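Notes to accompany the following structure.
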Amino acid sequence: MIDGSAADAAYRIRKSIQAGRDAVILWDPMASAVAATYPQQRVFVVQPSVLDLLNCVRQVPKGMSCGVIIPFSLRAYYDDLEVQFKAMGVTFYCLASDSDERAMQTAVHQAALSGIQYVVGSTGIETYARGEGLGWIPLQPGWGGLVRAFFKALWSLRQSRMAPGRTISPRSGMMAYYHLDDIIGTSPMMQQVKRLARIYAATESTILITGESGTGKEMMAQAIHNLSSRCHGPFIAINCGAVSESLLESELFGYTGGSFTGARRDGREGLFEAANGGTLFLDEIGDMPYNLQNHLLRVLQERSVRRLGAHNVIPIDVRIIAATNKDLEQAVQEHHFRLDLYYRLAVLLIHMPPLRQRREDVAVLARTLLQRFNEQYGQPHDLGQDVLDYFQTLPWPGNVRQLANTIERLSLVVREEKITLPDLAWVLPNPPVVPDKNVRDRNLKAMTYDYIEKLYQDGKSVSDIAKELGISRSTIYRMRQKYQNKKDM
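Numbering-wise, the sequence shown is residues 335 to 823 according to the numbering used here.
Rendered as structure tokens:
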């Protein structure tokens with residue numbers, strides 16, 4: 335499905351869907367047509383830019399080991415690459431390298447000593463690869479963005495094969511993906527949030543993260559996990575509002591064989607057991623069914639879990655981080671949430687502020703997000719100051735997620751390098767009204783005339799006014815004369 339024409343790939347995708355198998359759509363133009371034809375099947379969309387990286391992996395002969403030479407700055411992706419490519423049946427080694435020639439030569443030599451037979455990387459390593467007798471596969475420049483896009487798409491595919499609402503850390507249960515540096519914001523509010531995160535990460539206490547949708551609650555949970563002593567343990571997340579009560583119970587606590595109709599014969603461990611030694615993230619805890627809240631409370635109190643249908647209890651060593659966009663205190667008053675469970679969860683509190691309360695972060699967020707999408711889609715876009723100023727006036731009810739979606743759409747639909755206010759009409763339901771250029775020029779001149787007159791009234795000399803405005807004295811005289819003529823008309 336990777337090589338060949340678009341039509342050929344579309345044909346094979348359709349055959350795959352007709353056979354009842356899940357499909358990966360490798361570029362957007364095909365997605366809508368295929369999805370509409372077969373709405374009962376899962377369709378996964380992978381961005382076109384990911385094709386280069388997938389092509390490189392596909393070119394490695396079966397049974398041959400493969401190494402990827404990456405810049406030192408991308409070394410943090412090592413765990414992701416190793417786990418994901420092993421899941422694809424490809425032995426993958428990631429060797430950190432700086433961009434200089436000596437480092438490239440050393441990295442290729444180390445790859446050869448490690449038994450690697452093919453290396454993937456920039457054109458700069460080809461000579462060294464041939465010198466070591468290794469096969470070489472070129473990789474397109476700017477592939478850091480491709481890596482991120484690839485993992486996002488691949489992880490979506492792997493998640494879909496699990497029970498609804500259940501997710502595992504992108505590093506195969508070993509590490510969460512996000513770190514504190516990935517949470518963008520330098521406002522006083524965000525500095526305080528990050529300070530609390532560092533303090534709380536050093537403890538073993540349960541944490542409750544509150545905030546509106548799109549504020550980054552799960553990112554914060556993963557960042558805390560990565561800051562903690564449990565960072566090498568699993569990070570497992572489940573959305574408590576995304577699955578039914580019966581399924582949520584079996585997912586959390588596990589079950590023994592034959593404990594209910596449809597149960598696996600050998601039983602199954604629950605997420606509390608799977609997260610042993612690490613962190614279990616209970617997202618949307620406010621949506622947990624009331625009957626299950628008592629079971630969760632017992633686990634928090636006793637630090638042990640009992641599978642459905644079992645008599646024995648299993649001790650667990652799990653840190654709980656919960657998150658909600660609801661007012662749990664109000665839910666307690668309305669008898670939708672247990673008071674004792676609330677106090678068990680809210681040992682340490684972190685509130686993720688909405689974007690409208692930290693407007694000073696909007697510009698840096700927008701620029702950072704645009705840079706990521708530029709890398710992903712191979713675009714050279716830049717945001718105009720007028721756009722950044724306008725973004726700071728918006729309420730952003732969807733918070734960072736809404737801002738990210740807006741920036742991504744802009745990066746795809748705008749053709750010019752500079753994104754300006756008129757371009758917002760493509761992506762916003764109520765874009766700003768941008769006056770005609772001639773109207774703007776006339777308004778600007780009128781404001782200049784008014785300002786000159788005010789300076790005169792304040793007793794400023796022509797020389798002082800000319801110096802302040804950065805224009806000549808003769809220009810001041812002409813402008814004032816025009817201004818006076820307009821007033822007399």
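Backbone N, C-alpha and C define an ideal beta-carbon position, used for all residues, glycine too.
Computed from a prediction, not measured in an experiment: that's the story for all the values here.
Residues 672, 674, 675, 678 of the same chain have their beta carbon placed closer than 8 Å to that of residue 631, with the five preceding and five following residues left out of the count. Boundaries of the alpha helix (DSSP H) around residue 605: 605-608.
Taking a cut-off of 8 Å for Cβ pairs, the region 687-702 and the region 653-672 do not touch, as fewer than three such pairs fall below it. Every beta strand (DSSP E) stretch that sits fully inside the region 526-589 and reaches 3 residues is listed by chain position as 541-544, 569-573. Proximity of the region 566-578 to the region 706-713 falls short of the contact definition, fewer than three beta-carbon pairs being nearer than 8 Å. For residue 464, there is no enclosing beta strand (DSSP E); the enclosing alpha helix (DSSP H) has its first and last residue at 460-465.
Per DSSP, reduced to three states, the secondary structure at residue 513 is coil, with no helix or strand assignment. If one requires a minimum length of 4 residues, the alpha helix (DSSP H) runs lying completely within the region 676-715 are 696-711, in chain order. In the structure shown, residue 469 adopts extended strand secondary structure according to DSSP, grouped into three states.
In this structure residue 757 is buried. Its beta-carbon is surrounded by 16 or more other beta-carbon atoms within 10 angstroms. Taking the Cα positions, residue 643 is about 12 Å away from residue 600.
As computed with DSSP, residue 637 is found in no beta bridge at all. Minimum Cα-Cα distance from residue 737 among the listed residues 762, 715, 720 corresponds to 762.
Per the DSSP secondary-structure output, residue 752 pairs in a beta bridge with 716. Residue 689 holds the alpha-carbon nearest to the alpha-carbon of residue 548 among 717, 689, 721, 811. Annotated three-state conformation of residue 671 is coil, per DSSP. Assignment of residue 727 by DSSP, reduced to helix, strand and coil, places it in the coil class. The DSSP-derived three-state label of residue 798 is helix. Comparing alpha-carbon positions, the option among 444, 439, 468, 458 lying closest to residue 452 turns out to be 468. In the assembly as shown, residue 691 is an exposed residue. Its beta-carbon has fewer than 16 other beta-carbons within 10 Å. The beta carbons of residue 654 and residue 634 sit about 7 Å from each other, so the pair counts as a contact at 8 Å. Secondary structure at residue 644: coil, using DSSP grouped into helix, strand and coil. A straight-line Cα-Cα distance of about 32 Å links residue 794 and residue 720.
Ranked by Cα distance from residue 704, the first of 616, 741, 461 is 741. For the pair residue 647 and residue 638, the CB atoms are nearer than the 8 Å cut-off. Cβ contact annotation for residue 722 (same chain, cutoff 7 Å, sequence separation greater than five): 697, 700, in chain order. In the three-state reduction of the DSSP assignment, residue 621 falls in the helix class.
The Cβ atoms of residue 606 and residue 586 sit closer than 8 Å to each other. Distances from the alpha-carbon of residue 687 to those of 458, 517, 512 put 517 closest.
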